[in-house]
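J.:
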Amino acid sequence: MSNQASAGQDANPITLTNSTATSYAQNGEIMSSTSLCHCVAFRLDDIQDYFLDNVQSEIIRKFEANNSSLTIGIIGHYFGQDKKLVQFVNDSLGQSKRTNFTIEIANHGWNHEDFATLNQDAQYSLMLESNQKIHDILGITPTVFIPPYNRFDEGTLHAANETGIQYISSNATLGNSIHPDYYSNLIVAPYQSTTQRLGISLLPSLASTGDLSPDNNLWLGYKSNQTFNALQKSVDQLGFAVVTMHPQEYSLRDGLNYTNQVDEEQMHELQLLIEKIHQTDLKIVTISEIQVMPQPAISSTPEFSTDFLLIYVLPIILIIATKPILMRLHKYTI
Numbered sequence: 007m008s009n010q011a012s013a014g015q016d017a018n019p020i021t022l023t024n025s026t027a028t029s030y031a032q033n034g035e036i037m038s039s040t041s042l043c044h045c046v047a048f049r050l051d052d053i054q055d056y057f058l059d060n061v062q063s064e065i066i067r068k069f070e071a072n073n074s075s076l077t078i079g080i081i082g083h084y085f086g087q088d089k090k091l092v093q094f095v096n097d098s099l100g101q102s103k104r105t106n107f108t109i110e111i112a113n114h115g116w117n118h119e120d121f122a123t124l125n126q127d128a129q130y131s132l133m134l135e136s137n138q139k140i141h142d143i144l145g146i147t148p149t150v151f152i153p154p155y156n157r158f159d160e161g162t163l164h165a166a167n168e169t170g171i172q173y174i175s176s177n178a179t180l181g182n183s184i185h186p187d188y189y190s191n192l193i194v195a196p197y198q199s200t201t202q203r204l205g206i207s208l209l210p211s212l213a214s215t216g217d218l219s220p221d222n223n224l225w226l227g228y229k230s231n232q233t234f235n236a237l238q239k240s241v242d243q244l245g246f247a248v249v250t251m252h253p254q255e256y257s258l259r260d261g262l263n264y265t266n267q268v269d270e271e272q273m274h275e276l277q278l279l280i281e282k283i284h285q286t287d288l289k290i291v292t293i294s295e296i297q298v299m300p301q302p303a304i305s306s307t308p309e310f311s312t313d314f315l316l317i318y319v320l321p322i323i324l325i326i327a328t329k330p331i332l333m334r335l336h337k338y339t340i
């Protein structure tokens with residue numbers, strides 16, 4: 007662990023409970039935003055100064071070389087002093103204006119804090135501070151938020167709305183499988199009405215290129231086939247896939263320490279993964295390019311068509327209303 011944020015902790019076993027907005031399902035059917043874009047977005051978390059900056063840069067170069075888009079999550083407080091990294095990101099932004107490669111900047115918290123433990127005002131302040139610093143350095147104000155530790159609550163949604171955030175992507179995996187708590191017995195997805203009202207898209211990540219070992223000591227990279235199968239399942243369920251990445255997965259280690267040298271074997275797996283996607287009809291996009299279709303609001307009262315009212319309800323009303331008149335007429339005819 008460096009003097010920066012604890013950069014690997016996103017992949018600790020995720021706490022997905024009914025009190026957080028990271029549960030999206032009803033009876034096994036995913037209830038988050040769905041899409042017909044048939045696309046894949048890669049997000050590279052934990053971008054920060056002096057932490058495996060060579061590795062961070064090489065991952066970005068890999069996407070640039072393959073004309074494939076990438077969203078990077080910057081930890082605001084720990085970005086801006088590493089001139090080499092800042093210049094590289096700025097150059098990549100310039101390159102994306104001239105080629106098919108697009109790099110998107112996302113807000114990954116101010117100090118990699120757990121937003122689900124903070125009140126709405128505190129979340130807003132941290133989110134805004136990170137956005138402002140990123141804008142001051144790169145001239146871009148993020149509209150994508152990647153919650154540190156993949157945890158957020160309804161206060162996060164309101165804070166995001168006040169900050170201009172339109173997309174939230176949280177990891178919903180444990181290893182490379184859907185977290186068992188991902189499916190819930192809720193009638194509707196948590197905060198579904200809030201996201202619809204605020205116009206915020208929840209874009210869960212159901213695939214990743216690596217994860218921490220069971221003892222949380224080592225980062226383990228996945229083979230390309232494993233990640234590809236996971237993203238295909240996500241596309242089948244949601245119409246899109248978000249693939250989570252961390253620099254640690256692509257760094258050589260010296261014991262338990264990372265060396266800031268690229269793991270060429272794992273980088274080759276990334277190349278194979280990108281090639282597999284390009285061989286399909288899937289398109290690689292940034293997170294904000296995922297065009298979503300919000301779930302329709304669920305009404306608590308039944309809806310009846312006009313035909314139903316005319317054919318069934320109106321005659322009953324007429325019979326009830328005219329019965330006293332008919333009885334009086336019958337009396338006078340006797």
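Heads up: the sequence shown runs through residues 7 to 340, numbered per our numbering.
Where a beta carbon is used, it is the ideal one built from N, C-alpha and C, also for glycine.
(1) Among residues of its own chain, excluding the 5 on either side of I293, which ones have a beta-carbon nearer than 8 Å to its beta-carbon?
(2) Taking three-plus beta-carbon pairs below 8 Å as touching, is the segment 53 to 61 in contact with the segment 257 to 268?
(3) Within the segment 110 to 177, note down every full alpha helix (DSSP H) run reaching 4 residues or more, in order along the chain.
(4) CA-CA distance, T201 and T147?
(5) Roughly how many whole angstroms lie between the Cα atoms of Y256 and G216?
(6) Just grab the DSSP bridge partners of A213 for me.
(7) With respect to the beta strand (DSSP E) encompassing G227, which residues constitute its N-terminal and C-terminal limits?
(8) Around the C-beta of I219, are 16 or more other C-beta atoms found within 10 angstroms, so that it is buried, or is it exposed?
(9) Note down, in chain order, each residue of its chain lying with its Cβ closer than 6 Å to the Cβ of I242, except the 5 sequence neighbours on either side.
(10) What is the rounded straight-line gap between the Cα of R104 and the Cα of D221?
(11) For the candidate residues A165, D127, Y84 and N125, whose alpha-carbon lies nearest to that of I143?
(12) What are the start and end residues of the beta strand (DSSP E) that includes T105?
(13) Using only CA atoms, which one of Q54, S74 and F94 lies nearest to Q285?
(14) Quick check: the Cα distance between S98 and G79, rounded to an integer number of angstroms?
(15) Quick check: what's the CA-CA separation for S207 versus D88?
(16) Residue range of the alpha helix (DSSP H) that F234 falls in?
(17) Using a Cβ-Cβ cut-off of 6 Å (strictly less than) and excluding sequence neighbours within five positions of L132, which residues of its own chain qualify?
(18) Helix, strand or coil for F60, going by three-state DSSP, please let me know.
(19) Counting C-beta neighbours from all protein chains within 10 Å, is the total for A71 16 or more, i.e. buried, or is it exposed?
(20) Any chance the CB of N235 is under 7 Å from a heavy atom of the ligand GTP?
(21) With a threshold of 8 Å on Cβ separation, who are the neighbours of L204 within its own chain once the five nearest residues in sequence on each side are excluded?
(22) In this structure, does DSSP put I75 in helix, strand or coil?
(23) Alpha helix (DSSP H) containing I280: first to last residue?
(24) Could you pull out every residue in the same chain whose Cβ sits closer than 6 Å to the Cβ of Q32, ignoring the five residues on either side in sequence?
(25) Using the C-alpha atoms, what's the distance from S136 back to I171?
(26) To the nearest angstrom, how far is it from the Cα of H252 to the Cα of I280?
(27) So, with DSSP's three-state summary, where would you put L204?
(28) How would you call K90, buried or exposed, if buried means at least 16 neighbouring beta carbons within 10 angstroms?
(29) Grouping DSSP H, G and I as helix and E and B as strand, with all else coil, what is D260?
(30) Ends of the beta strand (DSSP E) at C45?
T.: Quick answer:
(1) Contacts found: A47, R49, T77, E110, A112, V150, Y173, S175, L209 and V248.
(2) Enough Cβ pairs lie closer than 8 Å, so yes.
(3) Listed in chain order, they are 126 to 144 and 160 to 169.
(4) Rounded to whole angstroms, T201 to T147 spans 21 Å at the Cα level.
(5) Going from the Cα of Y256 to the Cα of G216 covers about 9 Å.
(6) Within the DSSP secondary-structure output, A213 pairs in a beta bridge with V249.
(7) Where G227 is concerned, the enclosing beta strand (DSSP E) stretches over W225 to G227.
(8) A small fix is needed here, since residue 219 is Ser in this sequence, not Ile. By the Cβ-count criterion, S219 is exposed, with fewer than 16 other Cβ atoms from all chains shown falling within 10 Å of its own Cβ.
(9) One point to set straight first is that residue 242 is Asp, not Ile, in the sequence displayed. Result list for D242: empty, nothing under 6 Å.
(10) Using only the alpha carbons, I get a separation of about 44 Å.
(11) Closest option to I143, Cα to Cα, is Y84.
(12) Per DSSP, T105 belongs to no beta strand (DSSP E) and is neither H nor E.
(13) Of Q54, S74 and F94, the residue nearest in Cα terms is S74.
(14) Taking the CA atoms as reference points, S98 sits about 14 Å from G79.
(15) Cα to Cα, the separation comes out at about 32 Å.
(16) First-last of the alpha helix (DSSP H) with F234: S230 to L244.
(17) Cβ-Cβ distances below 6 Å link L132 to W116 in the same chain, with the five nearest sequence neighbours on each side left out; the list follows chain order.
(18) The question names Phe, but residue 60 is Asn in the sequence shown. In the structure shown, N60 sits in a helix (DSSP, three-state: H, G or I).
(19) Here A71 is exposed. Its C-beta has fewer than 16 other C-beta atoms within 10 Å.
(20) As for the ligand GTP, it is missing from this structure, which has no ligand bound.
(21) Beyond the five residues adjoining it in sequence on each side, L204 comes within less than 8 Å, by CB distance, of L163, H164, A166 and N167 in the same chain, given in chain order.
(22) For clarity, residue 75 is Ser in the given sequence; the question names Ile instead. The answer is coil: DSSP assigns S75 none of H, G, I, E or B.
(23) Here the alpha helix (DSSP H) through I280 covers E270 to H284.
(24) The predicted model places Q32 with a pLDDT of 32, which falls under 50 and marks its position as unreliable; any figure quoted below should be read in that light. Taken in chain order, the list of residues that qualify is empty.
(25) Each residue's alpha carbon lies about 12 Å from the other.
(26) Approximately 16 Å, taken between the alpha carbons.
(27) If DSSP states are grouped into helix, strand and coil, L204 belongs with the helices.
(28) Per the 10 Å Cβ criterion, exposed.
(29) Three-state DSSP puts D260 in a strand.
(30) Counting along the chain, the beta strand (DSSP E) containing C45 begins and ends at C45 to I53.
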